[in-house]
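Structure first, then comments.
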Amino acid sequence: MAKKEFKAESKRLLDIMINSIYSQKEVFLRELISNASDAIDKIYYKALTDDSLTFNKDDYYIKVSADKENRTLTISDTGIGMTKEELEEHLGTIAKSGSLAFKNENELKDGHDIIGQFGVGFYAAFMVADVVTVMTKALGRDEAYKWESAGADGYTMEPCAKESVGTDVILKLKENTDDENYDEYLEVDRLKNIIKTYSDFIRYPIKMDVTVNKPKEDAENEFEEVQEEQTVNSMVPIWRKNKNELTDEDYEAFYAEKHYGFDKPLAHIHTSVDGAVRYHAILFIPENIPFNYYSKEFEKGLELYSNGVLIMNKCPDLLPDHFSFVKGMVDSEDLSLNISREMLQHDRQLKLIAKNIGKKIKNELQSLLKNNRDKYESFYQSFGRQLKFGVYNDFGANKDLLKDLLLFYSSKEKKLVTLDEYVSRMPEDQKYIYYASGESYDRIEKLPQTELVSEKGYEILYFTEDIDEFAIKMLANYQDKEFKSVSSGDLGIESEEDQNKSDADENQYKELFEEMNSILSGKVKSVRPSKRLKTHSVCLAADGEVTIEMEKILNAMPDNQHVKADKVLEINTNHDVFGTLQAAFEKDKEKFSLYTNLLYNQALLIEGLPIDDPVEFTNDICKVMA
């Protein structure tokens with residue numbers, strides 16, 4: 001029996017494929033099972049056009065058998081088998097795919113498709129095996145053939161005895177090394193795990209002999225270990241079932257089985273699309289936030305299947321960052337896969353699927369917001385921050401998609417409200433959507449800057465997360481209503497009487513404010529009489545785009561840019577303190593400087609900003625008390 005050599009280019013390809021193409025050795029089993037499934041599919045298609053053939057699905061299966069003593073693993077199928085010529089053509093020339101040729105010659109129907117398009121998956125066996133033997137008998141032929149190879153050196157081929165139509169692929173596993181344990185591929189539980197991971201939804205039964213405990217027939221309460229043939233794959237995936245046949249419990253069971261989370265999903269989306277790109281998808285919106293969600297260790301992505309075979313455990317391109325919390329899977333027959341079937345060759349189909357999935361998620365969240373507010377608020381407590389980040393990210397590219405999903409705490413309603421709900425309650429004379437930023441609802445409630453807006457009866461949105469103000473700045477307006485901070489230099493609601501009084505105060509006390517400006521030079525942009533304060537003596541306002549809260553957030557970041565808001569110290573000229581300040585200005589400049597610094601530090605404390613010199617501040621307090 002003469003050994004035949006692979007062609008030179010085939011030798012190089014085999015070496016590259018074994019050492020480089022596949023990221024994990026365990027996928028060899030996925031590839032061999034996919035090939036076996038293809039072989040059974042080919043009989044199915046033959047039966048569609050050949051009246052002499054009948055296809056009884058119960059007669060077709062794949063079997064995986066481990067022989068620990070001889071260190072062999074066998075993958076058998078009852079498929080179409082191969083002739084001598086086909087063995088020579090498909091296994092003697094690497095990357096010559098019989099499945100691809102069959103697919104091109106036959107119009108595939110009934111939701112079936114041929115998986116093995118590249119003709120290299122078979123050679124993944126050499127990642128774990130020293131010797132690969134193929135024994136096969138083709139449909140309609142009397143003779144059977146054995147093909148055997150120890151790798152790149154070549155192969156032998158000879159007639160053999162095989163009674164049934166189909167193919168056996170026998171792997172003589174490599175010896176263990178310090179880095180690799182090849183014995184694991186002889187363990188039934190490990191093999192079952194690989195099958196469940198990658199090939200659970202192959203449409204034909206995958207059978208294995210497993211050891212089970214059964215009661216002894218001749219003894220009570222005694223058990224014995226017996227070998228039993230079991231089907232280890234699910235075959236029919238839940239996503240191919242009719243939605244009307246499935247219950248919430250079915251989806252929750254699938255969520256748990258796939259280890260998407262330890263919680264229960266708040267909602268699920270089950271969709272099947274038969275358009276430019278065909279795909280099935282089941283998506284879940286989790287109830288609880290993963291412990292590492294807001295860390296760099298978190299990996300977003302959906303499971304990606306091609307025709308029921310797992311291709312990628314997490315495909316990040318299927319989910320935009322703002323919906324990265326979504327769990328689930330996508331199965332498509334139309335993906336253009338690379339040679340290892342682990343990555344995509346180009347992403348046109350993927351982009352179409354991702355776009356449709358994004359719309360589905362948005363619609364589901366809107367439905368949850370409208371029809372089950374409690375559930376939506378539970379979701380929002382976990383993932384609302386991510387939606388706000390989505391508004392801000394990519395220069396606001398997704399702000400219109402996400403703006404109606406945002407919730408903020410309302411000063412009037414004392415609960416979370418949407419922007420639409422806020423705008424719908426706005427009085428006719430209200431020009432802006434007002435907001436206030438702070439560490440907590442309680443602290444914001446006490447801010448002096450809210451006094452005038454609250455007195456007008458206007459609702460204020462409370463921002464307590466660091467992303468809030470940045471997202472709103474990117475959004476700019478909602479339903480043609482601009483956002484305005486209560487700390488803004490111009491609130492746009494001052495009455496003509498207030499404006500006139502402020503102008504008069506500024507003229508009357510011009511020298512006083514100029515002196516305060518001089519004392520606080522470099523600390524504030526200016527000091528001026530306040531039009532917003534009613535009961536409080538002092539506050540800080542901000543001129544320009546950077547607010548005081550944004551300054552705090554930016555300067556708390558690791559790459560501190562020392563960003564500063566243009567701060568304005570506002571003094572309530574109607575407050576008793578101003579009378580004391582005015583008297584000091586006229587009679588005691590040293591005391592006036594002391595009061596000015598105290599008022600400035602008081603304003604910093606109200607804003608939650610650090611005092612420049614705490615020791616000096618406490619000494620100033622002592623001077624006042626003395």
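Numbering follows full-length UniProt numbering, in which position 268 of the sequence shown is assigned residue number 268; successive positions increment by one, without gaps.
In this text, a Cβ means the ideal position worked out from N, Cα and C, and glycines have one as well.
In this text the structure is predicted, and so the values were computed from the model without any measurement.
- Residue burial annotation: D429 is exposed, with fewer than 16 other C-beta atoms found within 10 angstroms of its C-beta.
- The shortest C-alpha to C-alpha distance from I285 to any of H322, V273, A276 and E297 is the one to H322.
- Below 8 Å, enough C-beta pairs join the region 351-364 and the region 259-273 to call them touching: three or more.
- Scanning T418, G301 and N398 for the CA closest to the CA of Y462 turns up T418.
- In the three-state DSSP reduction, N597 falls in the helix class (H, G or I).
- Excluding the 5 residues flanking it on each side, T231 has same chain C-beta neighbours closer than 6 Å at P205 and K207, in chain order.
- Counting C-beta atoms within 10 angstroms of its own C-beta, N477 has fewer than 16 neighbours from the protein chains shown and is therefore classed as exposed.
- Taking the CA atoms as reference points, K415 sits about 9 Å from L407.
- Comparing alpha-carbon positions, the option among P614, D490 and A584 lying closest to A541 turns out to be D490.
- DSSP links C160 through a beta bridge to A144.
- Considering only D576, Y595, K567 and K623, the residue with the shortest C-alpha distance to L609 is K567.
- Annotated three-state conformation of V538 is strand, per DSSP.
- Here V212 is exposed, its C-beta having fewer than 16 other C-beta atoms within 10 Å.
- DSSP, reduced to helix, strand and coil, places I548 within a helical segment of the structure shown.
- Under the three-state reduction of DSSP, V165 is assigned to coil, being neither helix nor strand.
- Bridge partners of Q227 according to DSSP: T211.
- In summary, H536 is buried, with 16 or more beta-carbon neighbours lying within 10 Å of its beta-carbon over all protein chains present.
- About 5 Å separates the beta carbons of F483 and I433, which is inside the 8 Å limit, making them a contact pair.
- Ranked by Cα distance from Y22, the options M235, V563, R71 and M127 are led by M127.
- Boundaries of the beta strand (DSSP E) harbouring M312: V309 to C315, taken from the DSSP string.
- Short of 6 Å from the beta carbon of V169, and not among the five residues preceding or following it, lie these beta carbons of its own chain, in chain order: L32, I75 and V134.
- Between L594 and the set K552, I519, A556 and I282, the nearest pair of CA atoms involves I519.
- Taking C-beta separations shorter than 7 Å and ignoring five residues to either side along the sequence, the partners of D543 in its chain run G489, K525, D566 and V568, following chain order.
- Assignment of G396 by DSSP, reduced to helix, strand and coil, places it in the helix class.
- Bridge pairing for D77: I62 and T167 [DSSP].
- Judged by DSSP in its simplified three-state form, I433 adopts strand.
- According to DSSP, F284 shares a beta bridge with H268 and K327.
- Excluding the 5 residues flanking it on each side, G301 has same chain C-beta neighbours closer than 7 Å at K314, C315, P316, L318 and L319, in chain order.
- Burial state of G79 is buried, judged by a 10 Å Cβ sphere holding 16 or more other Cβ atoms.
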